[in-house]
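Read through the structure below, which is laid out as structure tokens, and then see the notes.
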Amino acid sequence: MSAEARQITIAGGGTAGWMTAASLARFLDKRYRVRLIESDQIGTVGVGEATIPQIQLFNQALGLDENDFLRRTQGTFKLGIQFVDWLRPGHRYIHAFGQIGRPLGLLPFHQYWLRYRAGGGELGIDAFSLNASAAAQNKFTRQVKPANATLPPMTYAFHFDASLYAKYLRNYAEQRGVVRIEGKIEQVQQRHDGSIDALVLANGERVGGDLFIDCSGFRGLLIEQTLKTGYDDWSHWLPCDRAMAVPCARAGEFTPYTRSTARPAGWQWRIPLQHRTGNGYVYSSRHLSDDEAAATLLANLDGEALADPRPLRFVAGKRRKFWNRNCVAIGLAGGFMEPLESTSIHLVQTAIARLLTFLPDGEPRQADIDEFNRQAAFEYERIRDFLVLHYKAVERNDTPFWDYCRTMPIPEELQRKIDLFSTGGRIVRHNDELFTEVGWLQVLLGQGVNPAGHHPLADQLSAGELAEFMNTIRAVIQHETGAMPTHAGFVAAHCA
Ligand SMILES: Cc1cc2nc3c(=O)[nH]c(=O)nc-3n(C[C@H](O)[C@H](O)[C@H](O)COP(=O)(O)OP(=O)(O)OC[C@H]3O[C@@H](n4cnc5c(N)ncnc54)[C@H](O)[C@@H]3O)c2cc1C
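Start counting the sequence shown at 18; every next residue gets the next number (our numbering).
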């Protein structure tokens with residue numbers, strides 16, 4: 018490496034840009050100089066508000082104090098996602114984080130539950146989940162008492178105001194040496210070999226770099242508009258291509274979970290924050306007009322709307338390469354899948370981790386670039402399949418949108434997962450795919466995919482032993498949730 022500092026230039030200061038800047042500031046030494054360009058004139062998407070538990074690792078890696086972070090971002094806790102009216106109108110289930118029951122011998126808990134249910138057991142799988150039971154009562158606590166070592170700790174994520182989170186991280190990054198440049202990038206200059214040389218701002222300033230991180234959002238200013246990387250369009254599997262978002266006054270239940278309610282041409286999110294509730298209708302423009310979406314959204318709010326509905330457009334999919342030449346796309350510039358399972362901010366986090374793993378110490382090496390792209394594509398595709406499952410496995414036939422989803426062809430790998438589960442209740446995960454067996458279990462069951470039988474080894478317990486096993490777990494969960502404070506009470510006490 019040359020004696021001169023290597024320059025990393027980040028284009029864009031939304032959640033992705035500032036998460037990247039904060040991480041680089043935290044982990045890189047003085048041999049690297051990090052600059053971030055953003056334009057107040059353009060602004061950010063700023064609606065990403067729900068996360069998954071891995072965000073805790075990101076915050077811990079930066080050394081953020083959890084209560085301080087929640088206070089500054091008006092954050093709340095999230096134990097899972099409740100899905101309302103997805104399978105059919107009137108039906109609901111929860112995809113809760115964390116374990117369900119506990120494994121016994123060679124088998125995961127759900128094999129015993131399948132036997133219990135086949136024998137007439139009436140409790141749903143959610144009755145054996147600490148998170149689901151707490152969520153059902155709007156309760157929350159961080160730690161289950163050590164006395165109850167039979168239960169794993171609560172697994173939780175956060176809801177927060179994404180714009181405040183970006184601001185919080187901006188402060189963090191600037192304090193650690195990241196230089197922010199305000200201005201609109203008007204031109205991207207390339208070298209003879211096609212790699213990026215410099216970004217030219219509206220005021221004529223030229224910002225060079227060795228490595229460029231494209232965090233410019235959907236427009237993909239560097240990765241697409243300049244490098245013409247190409248995009249894999251997945252809208253035949255994920256047909257929603259628009260969202261109408263609106264915050265409303267806080268009213269109704271202060272839930273420690275996100276709610277997703279199926280609508281005639283998509284679904285509506287409800288995300289409780291401390292100062293307001295975030296809402297949005299994600300829909301297919303082939304099946305619904307923007308005006309109809311806005312009207313449906315406004316008719317289904319808990320409290321008074323605090324702004325006009327804001328339209329957003331997108332195409333589900335990903336760039337053919339996330340890293341192309343000396344440019345790495347992170348955030349919406351790399352791809353987008355609707356927020357049904359709150360995965361976008363997580364994808365920013367894993368892209369940053371991958372960037373740090375393959376950080377070049379000179380010219381980027383093709384082997385590193387290829388492996389980065391292979392891992393990123395795998396991660397996107399497995400999340401895609403999980404999202405597609407929600408749309409495909411439905412009984413709904415009440416609108417052309419749901420008819421399309423129910424009858425559409427699906428990716429082969431997803432079909433394999435459905436077949437394995439619907440026969441013997443087997444759940445197969447590959448490598449580091451994001452969603453856990455328990456995540457797949459809850460969504461498969463919740464979407465009406467029911468196994469024909471259970472694993473033969475689950476029959477090794479006598480009927481009495483099975484009943485005791487199930488009753489003990491249920492009793493511990495009831496005892497623990499009974500002692501928990503309400504979500505509102507916990508937030509008020511620790512991070513309001
Ligand atoms: C409807 C919707 C709902 C979502 N909900 C969730 C959710 O619940 N959970 C979740 O994890 N994620 C969610 N997301 C995704 C989440 O919002 C994004 O992943 C996240 O905000 C990262 O966005 P970004 O930083 O990549 O892009 P942006 O927020 O668009 O930021 C782009 C940045 O680039 C700058 N920029 C662009 N062009 C130029 C230029 N020419 N010159 C200078 N600067 C420029 C802009 O000023 C801005 O700072 C949602 C997204 C959408 C669309």
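Even for Gly, the Cβ is constructed at its ideal location relative to N, Cα and C.
Model, not experiment: these values are computed from the prediction.
Helix, strand or coil: how does DSSP classify threonine 272 here? Under the three-state reduction of DSSP output, threonine 272 falls in the coil class, being neither helix nor strand.
Along the chain, where does the beta strand (DSSP E) containing alanine 174 start, and where does it finish? In the DSSP annotation of this structure, the continuous segment of the beta strand (DSSP E) that includes alanine 174 starts and ends at 174 to 176.
Within 10 Å of its beta-carbon, does valine 445 have 16 or more other beta-carbons around it, so buried, or fewer, so exposed? Under this definition valine 445 is an exposed residue.
Can you pull the DSSP bridge partners for glutamine 207? Within the DSSP secondary-structure output, glutamine 207 pairs in a beta bridge with Ile213.
Out of Asp402, Gln24, Trp254, point me to the one whose CA is closest to arginine 48's CA. Taking each of Asp402, Gln24, Trp254 in turn and checking the Cα distance to arginine 48, the smallest one comes out for Gln24.
Which of the three DSSP states, helix, strand or coil, is assigned to tryptophan 35? The answer is helix: DSSP assigns tryptophan 35 an H, G or I state.
Status (buried if at least 16 other CB within 10 Å, exposed otherwise) for serine 19: For serine 19, the predicted model reports a pLDDT of 47, less than 50, meaning its position is unreliable; a value from the coordinates is still stated below. Per the 10 Å Cβ criterion, exposed.
Quick one, are the C-beta atoms of glutamate 321 and cysteine 265 less than 9 Å apart? In this structure, glutamate 321 sits near cysteine 265, with a CB-CB distance shorter than 9 Å.
Which runs of the beta strand (DSSP E) fall wholly inside the stretch 285 to 340 and span at least 3 residues, in chain order? Secondary structure in the stretch 285 to 340: the beta strand (DSSP E) runs of 3 residues or longer, each lying completely within the stretch, are 294 to 300, 327 to 330, 334 to 336 in chain order.
Taking the C-alpha atoms as reference points, what is the distance between arginine 514 and glycine 194? In the structure displayed, the chain extends from 18 to 513; residue 514 sits before or after that span and is not available.
Assuming alanine 28 contacts phenylalanine 229 under a Cβ cut-off of 8 Å, what Cβ separation, rounded to an integer in Å, is found between them? Contact between alanine 28 and phenylalanine 229 holds, since their C-beta atoms are separated by about 6 Å, short of 8 Å.
From the DSSP output, in three-state form, read off cysteine 344 for me. In the structure shown, cysteine 344 sits in a strand (DSSP, three-state: E or B).
Identify which residue in Leu372, Phe100, Ala152, Phe403 has its Cα closest to the Cα of cysteine 344. Cysteine 344 has its Cα closest to that of Leu372, out of Leu372, Phe100, Ala152, Phe403.
Please report the straight-line C-alpha distance between glutamate 241 and isoleucine 72, rounded to a whole angstrom. Approximately 28 Å between the Cα atoms of the pair.
Per DSSP, what are the beta-bridge partners of phenylalanine 94 in this structure? The partner list for phenylalanine 94 (beta bridge, DSSP) reads Phe175.
Would you check whether ligand 1 has a heavy atom nearer than 8 Å to the C-beta of tryptophan 286? Yes; taking the cut-off as 8 Å, the Cβ of tryptophan 286 has a heavy atom of ligand 1 nearer than that.
Mind checking whether the beta-carbon of aspartate 258 lies closer than 8 Å to any heavy atom of ligand 1? Answer for aspartate 258: no, Cβ out of range of ligand 1.
With distances taken from CA atoms, which of Arg132, Met487, Glu191 is nearest arginine 50? Measuring C-alpha to C-alpha distances from arginine 50 to each of Arg132, Met487, Glu191 identifies Glu191 as the nearest.
With histidine 112 as the anchor, note down where its beta strand (DSSP E) starts and where it stops. Where histidine 112 is concerned, the enclosing beta strand (DSSP E) stretches over 109 to 113.
Is any heavy atom of ligand 1 found at a distance shorter than 8 Å from the C-beta of proline 356? Checking every heavy atom of ligand 1 against the Cβ of proline 356, one is found closer than 8 Å.
Secondary structure at threonine 518, three-state DSSP: helix, strand or coil? Because residue 518 is not part of the residues shown, which for the chain are 18 to 513, the question remains open.
Neighbour-count burial assignment, glutamine 116, 16 or more Cβ in a 10 Å radius: Residue environment analysis places glutamine 116 among the buried positions, since at least 16 neighbouring C-beta atoms fall within 10 angstroms of its C-beta.
Looking at the unbroken beta strand (DSSP E) that takes in phenylalanine 229, where does it start and where does it end? First-last of the beta strand (DSSP E) with phenylalanine 229: 228 to 231.
I'd like to know whether the C-beta atoms of arginine 259 and aspartate 307 end up nearer to each other than 9 Å. It is a contact, given that the beta carbons lie within the stated cut-off.
Anyone know if the C-beta pair for threonine 275 and tyrosine 182 falls short of 9 Å? Cβ atoms of threonine 275 and tyrosine 182: not closer than 9 Å.
I think alanine 368 touches glycine 379, with their Cβ atoms under 8 Å apart; what is that distance to the nearest whole Å? Actually they are not in contact, since the Cβ atoms of alanine 368 and glycine 379 sit about 21 Å apart, beyond 8 Å.
Hey, out of Ala316, Ala324, Phe157, whose CA is closest to histidine 511's CA? When only C-alpha atoms are compared, the closest one is Phe157.
Could you tell me which residues DSSP puts in a beta bridge with asparagine 69? Note that residue 69 is isoleucine in the sequence shown, not asparagine. Paired residue(s): none; isoleucine 69 is not in a bridge.
With DSSP run on the structure shown, which of helix, strand or coil describes alanine 475? Helix, per DSSP.
For the beta strand (DSSP E) containing glutamine 24, list its first residue and its last residue. Counting along the chain, the beta strand (DSSP E) containing glutamine 24 begins and ends at 23 to 28.
Going by the CB atoms, is the gap between glycine 465 and glutamate 412 shorter than 9 Å? Yes; because the gap between Cβ atoms is below 9 Å, this pair is in contact.
Secondary structure of cysteine 265, DSSP reduced to three states: Reduced to three states, the DSSP call for cysteine 265 is strand.
Among Ala39, Ser146, Asp249, which residue has its Cα nearest to the Cα of tyrosine 397? Out of Ala39, Ser146, Asp249, Asp249 has the C-alpha closest to the C-alpha of tyrosine 397.
Is glutamate 482 close to ligand 1? I mean its beta-carbon at under 8 Å from any heavy atom of the ligand. No, the Cβ of glutamate 482 stays beyond 8 Å of every heavy atom of ligand 1.
Would the C-beta of aspartate 307 count as close to ligand 1, meaning under 8 Å from any of its heavy atoms? Answer for aspartate 307: no, Cβ out of range of ligand 1.
In the DSSP assignment, the alpha helix (DSSP H) including isoleucine 444 goes from what residue to what residue? Isoleucine 444 -> no alpha helix (DSSP H), and no H or E assigned at all.
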